[in-house]
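Numbering (the working numbering), first residue to last: -2 to 163. Backbone N, C-alpha and C fix where the C-beta goes; we use that ideal spot for every residue, glycine too. Contents: one structure, followed by commentary.
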(Lines of atoms letter the chains of each structure in order from A and count residues from 1; the text may use other names and numbers.)
(Lines give C-alpha, C1' and ligand atoms only; values in the text may rest on other atoms or scores of the structure.)
Protein backbone atom coordinates (compact mmCIF):
# COMPACT_ATOMS: atom_id res chain seq x y z
CA UNK A 1 0.00 0.00 0.00
CA UNK A 2 1.06 3.59 -0.47
CA UNK A 3 1.19 4.15 3.29
CA UNK A 4 3.81 1.43 3.86
CA UNK A 5 6.90 3.65 3.25
CA UNK A 6 5.66 6.24 5.76
CA UNK A 7 4.91 3.51 8.30
CA UNK A 8 8.39 2.05 7.87
CA UNK A 9 9.98 5.51 8.22
CA UNK A 10 8.03 6.07 11.44
CA UNK A 11 9.15 2.68 12.74
CA UNK A 12 12.80 3.52 12.00
CA UNK A 13 12.45 6.86 13.81
CA UNK A 14 11.07 5.08 16.88
CA UNK A 15 13.93 2.56 16.63
CA UNK A 16 16.53 5.35 16.52
CA UNK A 17 14.90 7.08 19.51
CA UNK A 18 14.86 3.78 21.38
CA UNK A 19 18.56 3.18 20.76
CA UNK A 20 19.33 6.53 22.40
CA UNK A 21 17.08 5.94 25.44
CA UNK A 22 18.60 4.52 28.64
CA UNK A 23 18.39 0.72 28.87
CA UNK A 24 16.12 -0.98 31.36
CA UNK A 25 18.38 -2.84 33.78
CA UNK A 26 16.01 -5.62 34.77
CA UNK A 27 13.72 -7.89 32.76
CA UNK A 28 10.22 -7.39 34.23
CA UNK A 29 8.25 -10.39 35.43
CA UNK A 30 10.70 -13.05 34.26
CA UNK A 31 9.51 -15.81 36.59
CA UNK A 32 5.90 -15.51 35.43
CA UNK A 33 6.97 -15.33 31.78
CA UNK A 34 9.17 -18.39 32.20
CA UNK A 35 6.32 -20.46 33.68
CA UNK A 36 3.92 -19.34 30.94
CA UNK A 37 6.35 -20.09 28.10
CA UNK A 38 7.27 -23.49 29.54
CA UNK A 39 3.56 -24.39 29.86
CA UNK A 40 2.89 -23.39 26.25
CA UNK A 41 5.99 -25.24 25.05
CA UNK A 42 4.96 -28.39 26.96
CA UNK A 43 1.51 -28.23 25.37
CA UNK A 44 3.06 -27.90 21.91
CA UNK A 45 5.52 -30.72 22.60
CA UNK A 46 2.71 -33.04 23.70
CA UNK A 47 0.22 -32.28 20.92
CA UNK A 48 2.09 -30.61 18.06
CA UNK A 49 -0.85 -28.17 17.91
CA UNK A 50 0.43 -24.58 17.97
CA UNK A 51 -3.07 -23.10 18.17
CA UNK A 52 -3.81 -24.99 21.40
CA UNK A 53 -0.42 -24.11 22.87
CA UNK A 54 -0.96 -20.45 21.98
CA UNK A 55 -4.32 -20.35 23.74
CA UNK A 56 -2.59 -21.36 26.99
CA UNK A 57 -0.14 -18.49 26.54
CA UNK A 58 -2.83 -15.97 25.57
CA UNK A 59 -4.40 -16.35 29.02
CA UNK A 60 -2.05 -13.45 29.81
CA UNK A 61 -3.06 -10.31 27.85
CA UNK A 62 0.58 -9.23 27.40
CA UNK A 63 1.25 -12.28 25.19
CA UNK A 64 0.68 -11.18 21.59
CA UNK A 65 2.20 -13.77 19.24
CA UNK A 66 3.38 -17.38 19.36
CA UNK A 67 5.57 -19.01 16.73
CA UNK A 68 7.88 -21.99 16.44
CA UNK A 69 11.08 -22.59 14.49
CA UNK A 70 13.12 -25.64 13.64
CA UNK A 71 16.63 -26.20 14.99
CA UNK A 72 18.19 -23.93 12.35
CA UNK A 73 15.78 -21.04 13.00
CA UNK A 74 13.31 -21.46 10.15
CA UNK A 75 9.68 -20.86 11.04
CA UNK A 76 7.75 -23.87 9.72
CA UNK A 77 4.22 -23.04 10.97
CA UNK A 78 2.28 -19.78 10.67
CA UNK A 79 2.41 -17.52 13.74
CA UNK A 80 -0.61 -17.48 16.01
CA UNK A 81 -1.58 -13.95 17.03
CA UNK A 82 -3.69 -12.90 19.98
CA UNK A 83 -6.84 -10.93 19.37
CA UNK A 84 -6.11 -7.19 19.23
CA UNK A 85 -6.58 -5.36 22.51
CA UNK A 86 -9.23 -2.63 22.66
CA UNK A 87 -7.94 0.47 20.92
CA UNK A 88 -5.03 -1.37 19.29
CA UNK A 89 -4.60 -1.91 15.60
CA UNK A 90 -4.71 -5.44 14.33
CA UNK A 91 -1.44 -7.39 14.28
CA UNK A 92 -2.01 -7.74 10.55
CA UNK A 93 -1.35 -4.05 9.82
CA UNK A 94 1.98 -4.90 8.16
CA UNK A 95 1.21 -8.51 7.30
CA UNK A 96 1.83 -8.07 3.55
CA UNK A 97 5.48 -7.43 4.45
CA UNK A 98 5.92 -10.65 6.42
CA UNK A 99 5.65 -14.23 5.18
CA UNK A 100 3.66 -16.67 7.32
CA UNK A 101 6.38 -19.32 7.19
CA UNK A 102 10.01 -19.76 6.13
CA UNK A 103 11.22 -16.68 8.03
CA UNK A 104 14.61 -17.41 9.54
CA UNK A 105 15.09 -16.25 13.13
CA UNK A 106 18.53 -17.82 13.67
CA UNK A 107 20.27 -14.45 13.88
CA UNK A 108 18.11 -13.36 16.84
CA UNK A 109 19.72 -13.55 20.29
CA UNK A 110 16.64 -15.23 21.82
CA UNK A 111 16.93 -18.07 19.29
CA UNK A 112 20.68 -18.43 19.80
CA UNK A 113 20.36 -18.54 23.59
CA UNK A 114 17.45 -21.00 23.48
CA UNK A 115 19.37 -23.39 21.20
CA UNK A 116 22.48 -23.10 23.38
CA UNK A 117 20.55 -24.21 26.50
CA UNK A 118 17.54 -26.42 25.60
CA UNK A 119 14.83 -26.37 28.24
CA UNK A 120 15.84 -22.94 29.57
CA UNK A 121 13.80 -19.88 28.65
CA UNK A 122 15.68 -17.00 27.02
CA UNK A 123 14.03 -13.56 27.29
CA UNK A 124 15.28 -10.72 25.12
CA UNK A 125 14.16 -7.15 24.72
CA UNK A 126 12.75 -4.74 24.72
CA UNK A 127 12.81 -4.29 20.98
CA UNK A 128 10.36 -2.54 18.68
CA UNK A 129 7.78 -4.85 17.12
CA UNK A 130 6.66 -3.85 13.66
CA UNK A 131 3.59 -6.06 13.91
CA UNK A 132 2.47 -4.55 17.23
CA UNK A 133 3.74 -1.02 16.65
CA UNK A 134 5.33 -0.84 20.12
CA UNK A 135 8.04 -2.37 22.29
CA UNK A 136 7.96 -6.08 22.98
CA UNK A 137 10.00 -8.84 24.59
CA UNK A 138 10.50 -12.25 22.99
CA UNK A 139 10.83 -15.37 25.11
CA UNK A 140 12.06 -18.62 23.57
CA UNK A 141 12.78 -22.15 24.71
CA UNK A 142 14.25 -25.09 22.77
CA UNK A 143 12.24 -28.29 23.29
CA UNK A 144 11.77 -31.69 21.69
CA UNK A 145 8.54 -31.91 19.73
CA UNK A 146 7.52 -34.29 16.97
CA UNK A 147 10.85 -36.14 17.34
CA UNK A 148 13.00 -33.08 16.69
CA UNK A 149 14.42 -30.01 18.39
CA UNK A 150 12.26 -26.89 17.93
CA UNK A 151 12.24 -23.41 19.45
CA UNK A 152 8.92 -22.25 20.92
CA UNK A 153 8.73 -18.42 20.91
CA UNK A 154 6.33 -15.89 22.44
CA UNK A 155 6.21 -12.12 21.92
CA UNK A 156 5.01 -10.04 24.89
CA UNK A 157 4.17 -6.32 24.91
CA UNK A 158 4.80 -3.82 27.66
CA UNK A 159 1.84 -2.38 29.54
CA UNK A 160 1.45 1.27 30.53
CA UNK A 161 3.51 0.67 33.68
CA UNK A 162 6.42 -0.61 31.59
CA UNK A 163 6.07 -4.22 32.70
CA UNK A 164 5.31 -7.32 30.69
CA UNK A 165 3.11 -9.06 33.23
CA UNK A 166 0.13 -7.35 34.86
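Roughly how many whole angstroms lie between the Cα atoms of residue i and residue j?
| i | j | result |
| --- | --- | --- |
| residue 11 | residue 154 | 16 Å |
| residue 79 | residue 55 | 6 Å |
| residue 40 | residue 105 | 24 Å |
| residue 38 | residue 120 | 14 Å |
| residue 70 | residue -1 | 32 Å |
| residue 146 | residue 68 | 6 Å |
| residue 100 | residue 32 | 26 Å |
| residue 188 | residue 128 | The structure shown does not extend to residue 188, since the chain is modelled only from -2 to 163, so the question has no answer here. |
| residue 151 | residue 34 | 7 Å |
| residue 28 | residue 141 | 22 Å |
| residue 98 | residue 14 | 30 Å |
| residue 103 | residue 148 | 10 Å |
| residue 114 | residue 48 | 25 Å |
| residue 57 | residue 131 | 18 Å |
| residue 16 | residue 133 | 14 Å |
Where does residue i land, buried or exposed, given buried means 16+ other C-beta within 10 angstroms?
| i | result |
| --- | --- |
| residue 1 | exposed |
| residue 73 | exposed |
| residue 9 | exposed |
| residue 61 | buried |
| residue 123 | buried |
Considering only C-alpha positions, which residue in the set the options is nearest to residue i?
| i | options | result |
| --- | --- | --- |
| residue 46 | 35, 121, 65 | 65 |
| residue 44 | 122, 144, 102 | 144 |
| residue 7 | 117, 125, 50 | 125 |
| residue 137 | 30, 3, 77 | 30 |
List the endpoints of the continuous alpha helix (DSSP H) containing residue i.
| i | result |
| --- | --- |
| residue 245 | Residue 245 lies beyond the range of the chain shown here (-2 to 163); nothing can be said about it. |
| residue 29 | 27 to 44 |
| residue 106 | 106 to 113 |
| residue 9 | 1 to 17 |
Name the DSSP beta bridge partners of residue i, please?
| i | result |
| --- | --- |
| residue 153 | 60, 134 |
| residue 72 | 66 |
| residue 139 | 148 |
Name the two residues that bound the continuous beta strand (DSSP E) containing residue i.
| i | result |
| --- | --- |
| residue 120 | 119 to 126 |
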